[in-house]
Every structure is written in C-alpha cells, then in structure tokens.
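In our numbering, the protein residues as written are 130 to 531.
Remarks on the structure that follows.
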C-alpha cells in the first residue's frame, strides 16, 4: 500500500513537471513576447505582453474541442457507433501482414517525395560549408574524449561510398522512423500504435526539414532512441549506443536521466539492470574525467547564467510553428495519457519524463554554457510525442499481462 502511495505521488510529479515545462514552452505560440519581456530587466510597461500570436486561437479552440470529445467519451455520452469504434481500436490490433503492407505504403510515399531533394546540395543551411570542410579534412584521431567523430565518420563514409554526403544521413532518418515504430510496439505491444507513431513522425515538418541533411544529420537521435529500445528489448549494448549518440552530438548527455529511468521500469532481470547501470556509471565517470581535463567540447566555455533559462524556452514553440498537428494535439494527448496512468504508471511516467527532458535540454545547455538553440535539436521531442500518440491506442491491461 505504501509503495502504491509513493508511486501515485511520483506519477503526479512527472505529469505536473511535464505539463509546466510544456505550458512555458508553448507560451511563445500563444503570447510571443511574454517570456522575453517578463524576464527583461528593461521591461517596457507600454508593451502588451499578452498580445496573441497566430497560433493562439487554433491551439485554444482545438484543445477545447478535443478535451470536450474526450470528456463525452469518458462519460459514455458520444454516439454509440463512435464509442464502439474507439473501443474496437483499443482492444484489437492489425495483423502482421497488414501492418507490413501499411508500413510499406507509407515508406514508399516517403521515398517518392524525398528522392527529389538529392538533386541539389544543401547550401541553404548556413553550417553546410563548415561540415563539408570538416569532412574534407577528416581525421579519425582526436584530442577530445567526446566529439563529432561518429557523425564525421558516417558523413565521410557517405562521401566515399556514395559520393554524396546526404545518403547515409537519409538512411539514418529512415532508420529513425522504423525505430520509432518498433519502440512504440515494444511499449504498447500493438502494431497499430506503432504505425500511428510512425505516421506522426513522418508528417512532422521539423523531421522532414532535416531528414536528408548532412549538416544536421539524425545520427545522434537514432543512436539515442536505439539505446532506449535496447533497454526495453535486450539488456546488452544500450550504453554503447548511448556513447555513439554522445559522439555524434554532445547535447545528448542531458537526456541521460531518461535512460536511467528506463532501466528502472524495464522488465529485465535485476542482474541485467545492475549490468546496465554499471555501464552508465562508468560512462558518467568517463564524462567527469573529461570535464575536469577539458577534453569535452564546450567544457572550457562553462558560463552558468540562470537568467537565460526561461527566455530560451521560447525557442521550442518557434521551432514547431509549422507542425500544426503536433501543436493542436500536444496537450490533449498529455491529458489523455494522464487519465490512463492508473493502468500502467511506469510506461506513462516514462513518456512524461522523456518529453520533459527533451524539451528542456537546449535551454539547460544554453544556461550552462551559452550553447545556441537550434530547431533540429527538438527532433527527440517529436519522436517521444509520436510515441505518446501511439500509446493512447494501446490496451494497457493487455500489455501488463504480457
């Protein structure tokens, strides 16, 4: 009984934290200048900080509609045919054959519409010249313990094998789509949920903007998601893939708590959990040594400034301003999952924690070292949200029995 009490408190804490972080981050879409002005020491009282942005009305109206529909469903007030359809989707799943056909169709559409992008180079991205120069001067030796070595090696391989820097990054984006599907399947034990997650990620403007770029390749997100998947699926190799992710993009260190929580809730044996934790402890010690010896990129730039945290949370909304589906569904999905947490607190706590850390990672890094904020670094948020959407179609009672 005591354990259930503490679990309920922890569940409330994870949801509340995720909700607060999300509300602050979404505020730039409702009131674009609110966070910037209220944290500005030279705040001008003549400025209307509650002037609404272009997304304010659509988000407010869509949230009212979706939450109204969900309330009617929870009270059994929807038309019978709709309630039966929702219950049928929740209780039943696609066959393996049908899921393969649907995935093949979605994948084919994606390839057809993406292939044209390889006809031109990515000169529109400002950092492309620097990336191209780094690949031309590629050297496997490095004085840094953690660097972009994995990313540079894969880009160099793409250049050598395909004579195009963008081919292997494109393969990584494809792999990220399928990893999202399989991770959702592992969490929900439902193919339909995996296809929903696959589709949500596939339609994301943010994902499609960077899926074929070498400048902002998805290697780091792919390796990171695979490290999470292996914790759920297999008790070996997770920390190795986390290191690969870290050597592709150092900011991934801010997502380490998600891995540690995933180890806690995984169904693997206590022995395997200890093995995984030891691997991550060794990694943390390795990082601390690198920090002390200034062998980690940006460690010499440590410049803590808490005043930068809140204003920089504006960037999340700015980065997702073209992802309409995600913007209108975000809070309804969180609240629906919160209502379902009594069926499986661990899995839903996992997604709340994952979304929270993925959103806050860039503002925290900016607060610590002044690192610039970039839209592509929010792709993990899109991935975890896609998984969250898939989770609402799962039958957690059935999951718990498996």
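All C-beta atoms, glycine included, are put in the ideal place defined by N, C-alpha and C.
Model, not experiment: these values are computed from the prediction.
*What is the rounded straight-line gap between the Cα of residue 443 and the Cα of residue 457?*
17 angstroms
*Is it a yes or a no for the region 346 to 356 touching the region 325 to 333, going by three-plus beta-carbon pairs under 8 angstroms?*
no
*For residue 365, the nearest candidate out of 397, 337, 260 (CA to CA)*: Answer by Cα proximity: 397.
*Considering only the beta carbon of each residue, do residue 461 and residue 165 sit closer than 8 angstroms?*
No; because the gap between Cβ atoms is not below 8 angstroms, this pair is not in contact.
*Quick one, are the C-beta atoms of residue 360 and residue 388 less than 8 angstroms apart?*
yes
*Do you know offhand how far residue 217's Cα is from residue 316's?*
20 angstroms
_Suppose contacts are defined by Cβ-Cβ distances below 8 angstroms. Is residue 454 in contact with residue 332 by that definition?_
yes
*Kindly list the residues whose CB is nearer than 8 angstroms to the CB of residue 189, restricted to its own chain and excluding five residues on each side of it in sequence; keep chain order.*
159
*Using the beta-carbon count (16 or more within 10 Å), is residue 245 buried or exposed?*
exposed
*Between the Cα of residue 280 and the Cα atoms of 264, 390, 303, which residue gives the shortest distance?*
264
_Selection from 486, 417, 479 that minimises the alpha carbon distance to residue 384_ = 486
_Using the Cβ count rule (16 or more neighbours within 10 Å means buried), how would you classify residue 532?_
Since the first and last residues shown for the chain are 130 and 531, residue 532 lies out of range.
*Compare the C-alpha of residue 518 against each of 162, 167, 209, 219 and name the closest.*
219
_Once DSSP output is grouped into helix, strand and coil, what is the label at residue 475?_
helix
*Tell me which same chain residues have a C-beta within less than 7 angstroms of the C-beta of residue 406, skipping the five on either side of it?*
392
*Where does residue 400 land, buried or exposed, given buried means 16+ other C-beta within 10 angstroms?*
exposed
*asked:* For residue 178 and residue 157, what's the separation of their Cα atoms in angstroms?
replied: Near 11 angstroms, if we compare the C-alpha coordinates of residue 157 and residue 178.
*Please name the residue in 450, 247, 510, 523 whose C-alpha comes closest to that of residue 147.*
510
*Short check: CB of residue 287 to CB of residue 297, under 8 angstroms?*
Yes.
*Whole alpha helix (DSSP H) runs in the region 252 to 323 with 4 or more residues, listed along the chain?*
257 to 265, 278 to 291, 296 to 317
*Evaluate residue 310 with the Cβ neighbour count: other Cβ atoms within 10 Å of its Cβ, from every protein chain shown; 16 or more gives buried, anything less gives exposed.*
It counts as buried.
*Excluding sequence positions up to five away, which residues of its chain have a Cβ less than 6 angstroms from the Cβ of residue 145?*
none
_Check for me: the alpha helix (DSSP H) holding residue 182 runs from which residue to which?_
Premise fails: residue 182 is in no alpha helix (DSSP H) and is neither H nor E.
*asked:* Just to confirm, is the Cβ distance from residue 357 to residue 312 under 8 angstroms?
replied: The beta carbons of residue 357 and residue 312 sit closer together than 8 angstroms.
*Do residue 381 and residue 494 have their C-beta atoms closer together than 8 angstroms?*
no
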